[in-house]
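**Student:** UniProt numbering puts the first residue of the sequence shown at 1, with every later residue one more than the last.
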Amino acid sequence: MSGTSRTDMLLIGGGVASASAAAELRRQGFTGSVDLVTREPLAPYHRPPVTKDLLGPGADRHDPAVYADDWWQTHSIRLRTRSAVASLDVAAHTTTLDDGTVIGYDKALLATGAGIRRLRVDGAALEGIHYLRAPGNAHRLRKEAHGARHAVIVGGSFIAVETAASLTALGMHCTLVMPEPAPLHTAFGPTVAATVAGLLRSRGVDLVCGEHVSAFAGTGRVGEVVTDAGRKLPADLVVVGIGATADARLGATAGLTIGATGGLLCDAELRTSAPDVFAAGDVCEFLSPIHGQHVRVEHERHAQAQGVTAARGMLGKPAPHAEVPYFWTDLSDWLRLEYVGAAPTWDSERIDGSLDDGDFTVWYELAGRVVGALTAGRPADLDRARNLIGSPFTRPTPC
1 MSGTSRTDML LIGGGVASAS AAAELRRQGF TGSVDLVTRE PLAPYHRPPV TKDLLGPGAD
61 RHDPAVYADD WWQTHSIRLR TRSAVASLDV AAHTTTLDDG TVIGYDKALL ATGAGIRRLR
121 VDGAALEGIH YLRAPGNAHR LRKEAHGARH AVIVGGSFIA VETAASLTAL GMHCTLVMPE
181 PAPLHTAFGP TVAATVAGLL RSRGVDLVCG EHVSAFAGTG RVGEVVTDAG RKLPADLVVV
241 GIGATADARL GATAGLTIGA TGGLLCDAEL RTSAPDVFAA GDVCEFLSPI HGQHVRVEHE
301 RHAQAQGVTA ARGMLGKPAP HAEVPYFWTD LSDWLRLEYV GAAPTWDSER IDGSLDDGDF
361 TVWYELAGRV VGALTAGRPA DLDRARNLIG SPFTRPTPC
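#1: Among V90, L54, R221 and V370, which one has its Cα closest to the Cα of T273?
#2: Can you check whether the CB of H173 is closer than 8 Å to the CB of R140?
#3: Do the CB positions of L86 and L10 come within less than 8 Å of each other?
#4: Would you please state the rounded distance, in angstroms, between the beta carbons of L132 and F216? I believe it to be under 8 Å.
#5: Taking C-beta to C-beta, are C209 and E162 nearer than 8 Å?
#6: Under 8 Å Cβ to Cβ from R312, same chain only, skipping five residues before and after it: list those, please.
#7: Assess contact between the segment 221-240 and the segment 287-305, defined as three or more Cβ pairs (one per stretch) separated by less than 8 Å. Is contact present?
#8: Bridge partners of S348, per DSSP?
#9: Is the beta carbon of V177 closer than 8 Å to that of V225?
#10: Starting from F327, trace the beta strand (DSSP E) in both directions and tell me its first and last residue.
#11: In chain order, what residues of the same chain have a beta carbon less than 6 Å from the beta carbon of G358, not counting five sequence neighbours either side?
#12: Could you tell me whether the Cβ atoms of E211 and A229 are closer together than 8 Å?
#13: T245 to G262, Cα distance in whole Å?
#14: Inspect the beta-carbon positions of S33 and V308 and report whether they are closer than 8 Å.
#15: Taking 8 Å as the threshold, find out whether the segment 65-83 comes into contact with the segment 43-53 through three or more Cβ pairs.
#16: Check the C-beta distance from G281 over to A303 and give it rounded, since I have them as a contact under 8 Å.
#17: Apart from the five residues just before and just after A165, which ones in its own chain have a Cβ nearer than 6 Å to its Cβ?
#18: Taking the continuous beta strand (DSSP E) assigned at F286, which residues delimit it?
#19: Can you round the beta-carbon distance between A182 and A193 to whole angstroms, since I take them to be within the 8 Å contact cut?
#20: Kindly indicate which residue of D35, L167, A305 and S214 has the alpha-carbon position closest to the one of L54.
#21: From this set, G189, K232, G3 and V121, which residue's C-alpha is nearest T175's C-alpha?
#22: For E338, which of D356, G13 and R301 has the nearest alpha-carbon?
#23: Would you kindly check if the distance between the Cβ of E349 and the Cβ of Y326 is under 8 Å?
#24: Under DSSP, the alpha helix (DSSP H) around R386 begins and ends at which residues?
#25: Please state the DSSP three-state secondary structure of T272.
#26: With the cut-off set at 8 Å, would you say G113 and V283 are in Cβ contact?
#27: Measure the beta-carbon distance from G341 to V324 and round it to whole angstroms, keeping in mind my assumption that it falls under 8 Å.
#28: To the nearest whole angstrom, what separates the beta carbons of H75 and R142, a pair I think is in contact under 8 Å?
#29: Can you give me the C-alpha to C-alpha distance between K52 and T329, rounded to a whole angstrom?
#30: By the DSSP assignment, the beta strand (DSSP E) with P234 in it spans what residues?
#31: Taking a contact to mean a Cβ-Cβ separation below 8 Å, would you say D106 touches D8 in this structure?
#32: Skipping 5 residues on each side, what residues in its chain have a beta carbon closer than 7 Å to that of H299?
#33: If you reduce the DSSP assignment to three classes, tell me which class E180 lands in.
#34: When we look at the beta-carbon of S2 and count the other beta-carbons within 10 Å, is it buried (16 or more) or exposed?
#35: Residues in its own chain within less than 8 Å of R201 by CB, not counting five upstream and five downstream?
#36: List the endpoints of the continuous alpha helix (DSSP H) containing L55.
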């Protein structure tokens with residue numbers, strides 16, 4: 001199928017950034033045409049449930065969709081699923097889909113997200129090795145987990161830790177393997193990492209820290225994970241969660257400027273190097289007033305907020321994107337951690353409450369100024385931290 005069509009606003013990507021932009025366009029009273037194009041088979045959905053709700057009890061009853069199926073028609077948004085974009089011509093204001101369809105546009109949003117980072121070692125093609133990105137991945141993993149005893153999760157960041165907690169809650173014995181000295185060490189530092197490590201161990205999760213996976217072994221299906229220290233870990237299944245990279249390929253081939261972290265370089269108003277093309281979400285590397293430099297934030301709430309900022313810019317109402325980043329992580333029902341701030345680095349930590357009791361706030365400071373705060377059970381400190389760091393976060397609501 002091929003042909004030509006035209007739209008006023010073209011949203012490329014199937015995540016919350018595009019969905020949020022679509023809603024904001026209508027909320028602002030825009031009555032022109034809006035097309036959302038995604039290679040995904042589903043309408044835009046929330047990604048955090050992939051390692052949380054969709055792996056736990058009641059997964060079959062959980063719907064990760066951002067909006068109900070009829071929302072798109074009600075708001076006159078043309079939703080094009082299973083439609084990969086092959087190329088973008090920013091001079092001609094057109095994009096070509098992989099089926100040959102050409103779509104002309106007035107303004108475009110690139111919200112292509114990030115692609116999972118794959119572990120390329122011997123045995124990586126064996127059956128039973130999973131990556132979690134979409135709901136279908138979670139459903140397959142959960143089905144396979146029934147009857148399995150040992151799971152090895154590779155990585156020490158959010159996806160790996162959340163998956164280990166979820167699979168443990170299903171009754172599996174989990175081992176986390178990571179090059180870091182402790183889980184979540186890179187994000188939160190050694191103090192919090194030690195607390196998380198203690199919590200995981202207390203729930204039966206084994207930790208192998210400071211080692212890389214060098215190979216997977218098995219005949220047809222994975223049965224063992226081998227580390228660079230020579231350790232051999234039994235595995236009925238494996239989940240790899242070693243991060244993601246910005247999916248900026250479409251913008252790069254269109255000649256848009258790429259930033260230091262591999263994202264699409266944008267100004268503070270989320271405009272790319274092409275004046276009628278904006279970016280939002282994981283692919284957006286923008287000049288942040290909060291950080292004082294170009295940054296790329298890989299968290300859903302921030303992508304949602306950027307969708308709002310980008311939509312307003314597309315409507316000729318630009319404003320700097322000055323939201324204080326917020327994210328959370330759930331370790332099953334054991335512990336919820338919430339974070340606000342702009343702290344890639346810090347030089348001191350101040351702790352209120354008790355890490356051992358799971359009721360605390362860690363204040364991250366740089367040169368005497370609060371640049372981030374991590375809380376468990378202290379929501380009031382989140383608001384206090386936002387006020388100390390910058391503008392408060394406002395969660396967009398549906399039309």
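Every residue, glycine too, gets a C-beta built ideally from N, C-alpha and C. Here the structure is a predicted model, which means the values were calculated and not measured.
**Tutor:** Well, looking at it:
#1: For the purposes of this step, residue 273 is taken as the residue at position 273 of the sequence shown. Checking the sequence, you will find Ser at residue 273 rather than Thr. Ranking the options by Cα distance to S273, first place goes to V90.
#2: As a first step, residue 140 must be located in the sequence shown, where it is residue number 140. As a first step, residue 173 must be located in the sequence shown, where it is residue number 173. With contacts defined as CB atoms closer than 8 Å, R140 and H173 fail to qualify as a contacting pair.
#3: As a working mapping, residue 86 is identified with position 86 in the sequence shown. As a working mapping, residue 10 is identified with position 10 in the sequence shown. The amino acid occupying residue 86 in the given sequence is Ala; Leu does not appear at that position. Contact flag unset, no.
#4: For the purposes of this step, residue 132 is identified with residue 132 of the sequence shown, where counting begins at 1. For the purposes of this step, residue 216 is identified with residue 216 of the sequence shown, where counting begins at 1. The Cβ separation is near 17 Å, so there is no contact.
#5: Taking the sequence shown and counting its residues from 1, the one referred to as residue 209 is at position 209. Taking the sequence shown and counting its residues from 1, the one referred to as residue 162 is at position 162. No, these two residues do not count as a Cβ contact at 8 Å.
#6: Here the question's residue 312 lines up with position 312 in the sequence shown. These residues qualify, in order along the chain: E24, Q28, P318 and A319.
#7: The segment 221-240, when compared against the segment 287-305, does not touch it at the 8 Å Cβ threshold.
#8: Locating residue 348 in the sequence shown gives position 348, where the first residue counts as 1. Paired residue(s): E365.
#9: If you number the sequence shown from 1, residue 225 lands on position 225. If you number the sequence shown from 1, residue 177 lands on position 177. Contact: yes.
#10: Here residue 327 corresponds to residue number 327 of the sequence shown, with the count starting at 1. Unbroken beta strand (DSSP E) run through F327: Y326 to L331.
#11: Counted from its first residue, the sequence shown places residue 358 at position 358. Around G358: L335 and A376.
#12: The residue labelled residue 211 in the question sits at position 211 within the sequence shown. The residue labelled residue 229 in the question sits at position 229 within the sequence shown. A distance below 8 Å separates the beta carbons of E211 and A229.
#13: In the sequence shown, residue 245 corresponds to position 245, counting from 1. In the sequence shown, residue 262 corresponds to position 262, counting from 1. Those two C-alpha atoms are separated by around 7 Å.
#14: Working through the sequence shown from its first residue, we reach residue 33 at position 33. Working through the sequence shown from its first residue, we reach residue 308 at position 308. No, Cβ-Cβ distance for S33 and V308 is not below 8 Å.
#15: yes
#16: Against the sequence shown, residue 281 aligns to sequence position 281. Against the sequence shown, residue 303 aligns to sequence position 303. Between A303 and G281 the Cβ distance is about 4 Å, and since that is below 8 Å, they are a contact.
#17: Counting from one through the sequence shown, the residue named residue 165 turns up at place 165. If we look at A165 and ignore the five residues flanking it on each side, its Cβ neighbours are L331 and S332.
#18: In the sequence shown, residue 286 corresponds to position 286, counting from 1. C284 to S288 is the span of the beta strand (DSSP E), which, as asked, contains F286.
#19: Taking the first residue of the sequence shown as 1, we reach residue 182 at position 182. Taking the first residue of the sequence shown as 1, we reach residue 193 at position 193. The distance from the Cβ of A182 to that of A193 is about 4 Å, consistent with a contact at the 8 Å cut-off.
#20: On the sequence shown, residue 54 is found 54 positions in, with the first residue counted as 1. When each option's Cα is compared against that of L54, the closest is L167.
#21: In the sequence shown, counting from the first residue as 1, residue 175 sits at position 175. Measuring from the Cα of T175, the nearest candidate turns out to be K232.
#22: As a first step, residue 338 is located in the sequence shown; it is residue number 338 there, counting from the start. Answer by Cα proximity: R301.
#23: In the sequence shown, counting from the first residue as 1, residue 326 sits at position 326. In the sequence shown, counting from the first residue as 1, residue 349 sits at position 349. Contact: no.
#24: As a first step, residue 386 is located in the sequence shown; it is residue number 386 there, counting from the start. Per DSSP, R386 belongs to the alpha helix (DSSP H) from P379 to I389.
#25: Indexing the sequence shown from 1 puts residue 272 at position 272. It is coil, neither helix nor strand.
#26: To locate residue 113, count along the sequence shown from 1; it is residue 113. To locate residue 283, count along the sequence shown from 1; it is residue 283. In this structure, V283 lies closer than 8 Å to G113 by Cβ.
#27: Here residue 341 is taken as the residue at index 341 of the sequence shown, counted from 1. Here residue 324 is taken as the residue at index 324 of the sequence shown, counted from 1. Their Cβ separation, rounded to whole angstroms, is 7 Å, which keeps G341 and V324 in contact under 8 Å.
#28: By 1-based counting over the sequence shown, the position of residue 75 is 75. By 1-based counting over the sequence shown, the position of residue 142 is 142. Contact flag wrong, Cβ pair sits at about 33 Å.
#29: As a first step, residue 52 is located in the sequence shown; it is residue number 52 there, counting from the start. As a first step, residue 329 is located in the sequence shown; it is residue number 329 there, counting from the start. C-alpha separation (whole angstroms): 9 Å.
#30: Translated into the one-based positions of the sequence shown, residue 234 becomes position 234. Taken as a continuous stretch (DSSP letters only), the beta strand (DSSP E) holding P234 covers K232 to P234.
#31: Along the sequence shown, read from residue 1 onward, the residue named residue 106 stands at position 106. Along the sequence shown, read from residue 1 onward, the residue named residue 8 stands at position 8. In this structure, D8 lies closer than 8 Å to D106 by Cβ.
#32: Taking the sequence shown and counting its residues from 1, one reaches residue 299 at position 299. Cβ neighbours of H299 beyond the five flanking positions: P325 and F327.
#33: Position 180 of the sequence shown holds residue 180. E180: coil per DSSP, three-state reduction.
#34: Start at 1 with the first residue of the sequence shown, and residue 2 comes out as number 2. Answer is exposed; the Cβ neighbour count stays below 16.
#35: Along the sequence shown, read from residue 1 onward, the residue named residue 201 stands at position 201. Cβ neighbours of R201 within its own chain (closer than 8 Å, five residues either side excluded): L207.
#36: Reading the sequence shown from its first residue, position 55 is the one you call residue 55. Premise fails: L55 is in no alpha helix (DSSP H) and is neither H nor E.
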